[in-house]
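Heads up: the protein sequence lines correspond to chains G, X, C and E, in order.
By my numbering, the letter at position 109 of the first sequence is numbered 109, and the numbering carries on one by one without gaps.
Each number in my numbering comes from the position in the second sequence (counting from 1) with 1000 added on.
Each number in my numbering comes from the position in the third sequence (counting from 1) with 2000 added on.
Each number in my numbering comes from the position in the fourth sequence (counting from 1) with 3000 added on.
Just so it is clear, CB atoms sit at the ideal spot from N, CA and C, and this is done for glycine as well.
Protein chains: 4
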Amino acid sequence: MEQANAILLLSCPDRKGLVARLSNFIFQNNGNIVHADQYTSTSSRHFFMRIEWELNGFELRREEIPMVFAPVARQYGMTWELHFTDYVPRIAIFVSRHLHCLHDLILRRDMGELPGRVEAVISNHDDARALVEQFGIPYYHFPVAPGCKAQVEQDQLALLKELGIDLVVLARYMQILSPAFVDRYVNKIINIHHSFLPAFIGGNPYQQAYDRGVKIIGATGHYVTEDLDEGPIIAQDVIEISHRDTVSDIQTKSKDLERIVLARALRLHLENKILVHESKTVVFE
Amino acid sequence: MEQANAILLLSCPDRKGLVARLSNFIFQNNGNIVHADQYTSTSSRHFFMRIEWELNGFELRREEIPMVFAPVARQYGMTWELHFTDYVPRIAIFVSRHLHCLHDLILRRDMGELPGRVEAVISNHDDARALVEQFGIPYYHFPVAPGCKAQVEQDQLALLKELGIDLVVLARYMQILSPAFVDRYVNKIINIHHSFLPAFIGGNPYQQAYDRGVKIIGATGHYVTEDLDEGPIIAQDVIEISHRDTVSDIQTKSKDLERIVLARALRLHLENKILVHESKTVVFE
Amino acid sequence: MEQANAILLLSCPDRKGLVARLSNFIFQNNGNIVHADQYTSTSSRHFFMRIEWELNGFELRREEIPMVFAPVARQYGMTWELHFTDYVPRIAIFVSRHLHCLHDLILRRDMGELPGRVEAVISNHDDARALVEQFGIPYYHFPVAPGCKAQVEQDQLALLKELGIDLVVLARYMQILSPAFVDRYVNKIINIHHSFLPAFIGGNPYQQAYDRGVKIIGATGHYVTEDLDEGPIIAQDVIEISHRDTVSDIQTKSKDLERIVLARALRLHLENKILVHESKTVVFE
Amino acid sequence: MEQANAILLLSCPDRKGLVARLSNFIFQNNGNIVHADQYTSTSSRHFFMRIEWELNGFELRREEIPMVFAPVARQYGMTWELHFTDYVPRIAIFVSRHLHCLHDLILRRDMGELPGRVEAVISNHDDARALVEQFGIPYYHFPVAPGCKAQVEQDQLALLKELGIDLVVLARYMQILSPAFVDRYVNKIINIHHSFLPAFIGGNPYQQAYDRGVKIIGATGHYVTEDLDEGPIIAQDVIEISHRDTVSDIQTKSKDLERIVLARALRLHLENKILVHESKTVVFE
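Below is the structure:
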C-alpha cells in the first residue's frame, strides 16, 4: 500500500473556480486531500496554492499525473511543480571557514531532522574535511585562486550535475556565485545572511551592528539571485543585544540565530512549502 | 454592487472530496473564493475549513445560503457557521478596577482598528464611568453584593439580550461567571488572563511569577468555559523579566502584554478566523 | 523624612579607582547606595556609571551636591548629570496625523505609568485637539506653511522654553526638525521610527517592508540628531509578518510595536537610565 | 604579565558603605575594576554584587586574596566566592537517549564557544558512545537496573570526584538524582527542562502542551534541587506553535529551544555571572 503523498505547488492569475477545479481534479481521481493552502494577493490578484493528497487510492500513477494535469494548468496559465513526499532531495552544502551552520546541519541529519540527503560538502578551504568525513559525507575541496573562479564554478557545476543535486545550501560560503551559476539553480540555492536584511547588507554585519548601536540583531535565510542580498526572503529571526556586547559577543549570539534560521529555511524548502513570485516568497506553514 | 464577502467556518469528520464539495458549492453558484484555509487533524482525522468568497456575482441571496447549504452540511455531519464581512458585531466589555485593557480597546475603536461596535461597558464598580461616557459609550454599573450574584447575572443577561450582544469581553473582570451565564454565550466570551497559562493559574499571577523567579512572563487570551482558566486558548504572548523586576514592575510589563494579546484574540474572533474543537482552537491566520 | 533618591550619570576615560572614588564620595557623606551600574567599553576604554543613593541621611543638601562633586568630576574628566527621583520631568509631545502613540501616552499618564507630566501637545494639524483637551492637556496648533518653517520652529522653541520643557517626544511627527532646533535639546528629543533601523530609512517603511518581502518588521525609539534616522538608538522591538499581510496589515501590527517601543524609550529616559556616548547609548536596565 | 581577571561574587544583608568597602578593597591593592554589577532587593533588603578586576598590577597574589578578604566578608556577614577567568572549569555531561543537547555542547566546544572542558559524558545507555569518543571525550556507561540506583550514584560520585568535576550538566538525563547526590553539588548541577516551567511540570511536556492547545512553548535551564522542577531558574526561552503542530512537530521545535537555553545557562554559570539566593537567581548579564 502506497504511503506517500503528492504535492502540487502552483500559481496563476486569479479566476473564479480555481479551488473547485483543482480539488475536483484530485477528487475525480479518487484522491484524499490532507492539506490545502491557498492565498490570493489582493494587490496583484495572483492566486497561489499548495495541495497535498494521499497517493494511496489515487487512480493515476505518479508518472501519469503530469500528463493529465498539464491541460488544466495550460487552461489557467499556471506555473506549477509536482512533488512526492517520499522523494529524498539531494543536497550539496557550500562552506568556507565558519563551520557552525555546517556542523548544525550535520547534527540535524544525524538526528533525522533533515528531510534530505547531504551528498557533498564543497569548500574553498580544506579545514572541515576531517569533521565532514568522520560523518561519512564526501568532502570536495575547490581552492579558488584569483583568475580561476570561472573554471572552478564550471567544475562545481559538473560535480553537482553528476551527483544529481536538487538543492545547494550556502552555509556561510564566502564566495560570490556568478549569474551563470545562479541561473542553473533558480530558487534552488539557499543562503544564510548574518544580518536582518535589508539592514547591514554586505561585509561584516556584526561590526556594522556594533557600530550603529542597534539593540536587536537578526539573520536571514533567502534564495540566491544575481543581486547579492536581494533574493526572496524565506525566514528571519532576531535576538536582543545590549551595549555590553562586543563584536565578538554579537558574533556568538548571531551564530545561534544563523543555525536556526538556515535550518528553518531548508526545512520549508525541502517540505515544498515555498512558492516564489517575483522577488518575494509565499510560505505555507 | 455588493462589496461584502461571505465566510463559512465548518468542521466535520474527514472524508474524501470535502474540499471539492465545498468549493463546488461556491463555484456552481458563481462565487469567487478569496481565502480558503483547511486543516485536517492527523490525530483525530477531523476536518476544519474556513472559506471566504465574494457575494458580488454570487447567485444566492444571503438569506438563501443557509437553506441551500444545509443539505450539504447534513450529508457530511458538519458543524458550521455563516458570516458576512459587513456585519458589525456588537460587543459588551466587562471590567473591574484594572482599566488598561478597557482603555486600549476604546483607543482601538477610536482609531478604527476594532472590527466591532462597543455597545456597553459593564462593571461591578463605578470607577470607569467618566472615561467611558466621555467616548460616548453607555456605562452600566452592577454592584455585586454578597448573596446577590445570581440576580446580578440575570440582570446582566437581560441587558446583553436587549442590546443584541454578540461577544462578551472580560477585560480584567474580577468576578467569576456562573456556568449558567457561560452556557448562554458558548465560545462568545473572551477573557484575558494575566499569565502564560497553564502557569500561574488563579489569583495574583504577578506575585506567583515573582516568587518563582521566572525569566519570562506571559498573557493568555481564551474563551471562557465552566472550568476557570481551562478554556480554549486563542492567543498568547510573552516578555522577558529579570531579578531586578519587582512585583510592580512585572505588573507594568504585563499590562502591555495583556492589552496586545486581548486585542489580538478579539480581532481573530471578530474576523471569524477561529474554530473551537473540544478544548482547543484552530486559528486560521 | 526625605524619601527621594539622587542619581549620578557619568562617563569618563577609564582609570583605576573610579568605582572606589565614586562610592567613597557617597559613603563619606553617609549615603546609602541602592543601585550601582557600571560598564567599561573594552574597545574605547571609556567608563560609564549610574549610581543611585538615598537622600535620607545623606549629609549634603541637594543644592550642595554639585559643588562638592565638581572637583571630583574635574579630576577624572567626567561628563556628568545629577537627577533626583522626585523631580517630575515636563514633557511636550509633537504629533501629526497618526495618533496611536499620542493616545497611548495619554493612557499611560492616566494610569500613572508615565514618570513625567505632559505639559503640551504640539501639532501641525488641529485633528487631535478634542481628544487631548478632553484629558485636560493644553493643545497647541502650529500650521506649517511652505516657507514659514523657521518661524514656526522659533515660536515652538519659545513655547517650550516658557513651559520649562525637559523632554520633547516626537510621537509620529511628520516634520523634520532643523539642526538649530535639535541643538537646543541635545539628547532630549526622542523619536519613534516606524521601522527596524537601519532597515527602511526614510519615507513609508510599511510599503518598503511589504515590497522587500521581509518576514519580521520592527520599530525604533531613538534620540534625534541632525542626521535623520541616525540618532543613538534607545530601544527596538519586532513582530513577525507573513506574505498574507497587506501594507495595511503591516501598519496595524507596527502601530502596536511603535506604542510599546516609544513608551519603553521614554521610561528609560525619564528614569535617567541612559548615557549617550558618540552615536550610541549605554542603557542601564 | 598577568592577563587574567579575578571575580568576586557575594551577597549579604544590605548596609551603608558596601560598594565603597568592596571597591576600596580592590583599589587599595591597586586593582583595576573592569566590571561591577550590583543589585539590592527592595523586598528583602539583601545586597548582591559581582566585581571583576584585573590581576595585572594587583598587589595581592591569587592565593593571598581569600585570606585578606575574609575579615571584610565576616564583618558584613557575606556569602562569597572567588574565581579567576583563566581557570577552565571541568564539566561532566549526563545524558540518556535524546542527544540533541549533548551534540550541541560538543559542537560549541569544538568551535571554542564553551568556556569549560568536557571531561566526561555519563549515560545510562551506551548509544552515544561512538559520537562522543569520535570527538576524543571519555564516555562512561552506567546502566541503571532497578534496585541498584543508590550504588550507581555512589560510583558516579566517585568518578566525578576523581575527575575533579566542577559542573554537572543534565543534558536530557532521564534519571532523577537523589537528595544525597544533589547535596554534593549544590548550585553546581544544571538541568534543561523541556517546558516553560512552571507550566507542564513532570513527564512528557510536549504531549501536555499539545493537549492543552497552548500557542507558545518554552524551555527552562535551572539548578537542580531536591524538589524536581523547582530549582532556581537561570534562563528561559519560548517559540510559537499553532494548531498545525503535532506532538512530533512540537518536539522538533522544542529541541532547538532546549539547545539554546541550556547553552545560555551554562555560559552564565561558567562566566560566574549567577548568584543563587533562596529559590531564585540573580543573573548579572
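- Assigned with DSSP and collapsed to three states, L2114/C falls in coil, not helix or strand.
- Secondary structure remark: continuous alpha helix (DSSP H) runs of at least 4 residues inside the region 13-58 of chain G, in chain order: 18-28.
- Take the alpha-carbon of A1263/X and the one of M1111/X: they are about 13 Å apart.
- Take P1205/X, set aside five residues on each side of it, and the residues of its chain with a beta-carbon closer than 7 Å to its own are H1194, S1195, in chain order.
- With the criterion set as a beta carbon lying under 7 Å from some beta carbon of chain X, the members of the region 3191-3210 of chain E are F3196, P3198, A3199, in sequence order.
- For a Cβ distance threshold of 7 Å, residue set Y3039 of chain E lies close to R1244/X, ordered along the chain.
- When C-alpha distances from I1190/X are compared across T1085/X, R1172/X, L1160/X, the shortest belongs to R1172/X.
- Going by DSSP, Y1223/X is part of the beta strand (DSSP E) stretching over 1216-1223.
- Residue-level contact by beta carbon holds for T3252/E and chain G, with a gap shorter than 8 Å.
- By the C-beta criterion, the region 16-30 of chain G is judged to be in contact with the region 1013-1026 of chain X, since at least 3 inter-stretch pairs fall below 8 Å.
- Ranked by Cα distance from A1036/X, the first of S44/G, S43/G, L22/G is L22/G.
- The beta-carbon distance between E1226/X and V1182/X, rounded to whole angstroms, is 6 Å. This is short enough to meet the 8 Å contact definition.
- Excluding its 5 nearest sequence neighbours in each direction, L257/G has C-beta neighbours in its own chain below 6 Å: A219, D237, I239, listed in chain order.
- Exposure of T3079/E is indicated by the presence of fewer than 16 other C-beta atoms within 10 angstroms of its C-beta.
- Straight through space, the alpha carbons of V3283/E and P3066/E are spaced by roughly 23 Å.
- Residues of the region 2098-2116 of chain C with a Cβ closer than 8 Å to any Cβ of chain X, in chain order: L2099, H2100, H2103, D2104, L2107, D2110, M2111, E2113.
- With fewer than 16 other CB atoms across the displayed protein chains lying within 10 angstroms of its CB, R2045/C is exposed.
- Separation of the CB atoms of G31/G and F58/G is rounded to 4 Å, and the pair is thereby assigned contact status at 8 Å.
- For the pair of segments examined, the region 2147-2154 of chain C was found not to touch the region 2126-2136 of chain C: the number of CB pairs separated by less than 8 Å stays below three.
- By alpha-carbon distance to I1234/X, the top candidate from T1281/X, K1215/X, V1132/X is T1281/X.
- Chain E has no Cβ within less than 8 Å of the Cβ of A1265/X.
- If you draw a straight line from the Cα of R2184/C to the Cα of H1243/X, it comes to about 38 Å.
- Note on the region 2137-2161 of chain C: whole beta strand (DSSP E) runs with a minimum of 3 residues are 2139-2141, in chain order.
- Taking 8 Å as the threshold, the shortest C-beta distance from G3147/E to chain X does not fall below it.
- Between the region 95-106 of chain G and the region 138-149 of chain G, the count of Cβ pairs shorter than 8 Å is below three; the stretches do not touch.
- Remark: C-beta atoms of I2093/C and V2072/C do not approach each other more closely than 8 Å.
- In this structure, DSSP gives F1196/X a state outside helix and strand, which the three-state scheme calls coil.
- Under a criterion of Cβ atoms nearer than 8 Å, the residues of chain G adjacent to Q2236/C are, in order, V214, K215, I216.
- At a cut-off of 8 Å between C-beta atoms, K2280/C counts as an interface residue with respect to chain G.
- Nearest to T246/G by C-alpha distance, out of L167/G, G213/G, R97/G, is G213/G.
- A Cβ-Cβ contact shorter than 8 Å links I2051/C with L2008/C.
- By the C-beta density criterion, E1064/X is exposed, having fewer than 16 other C-beta atoms within 10 angstroms.
- When the beta-carbon positions are compared, N5/G and V34/G come within less than 8 Å of each other.
- Here DSSP, grouped into helix, strand and coil, assigns Q3236/E to strand.
- The DSSP-derived three-state label of A2128/C is coil.
- Shown here for C3012/E: same chain residues with a beta carbon closer than 6 Å to its own, the five before and five after excluded, namely F3047, Y3076, G3077, M3078 in chain order.
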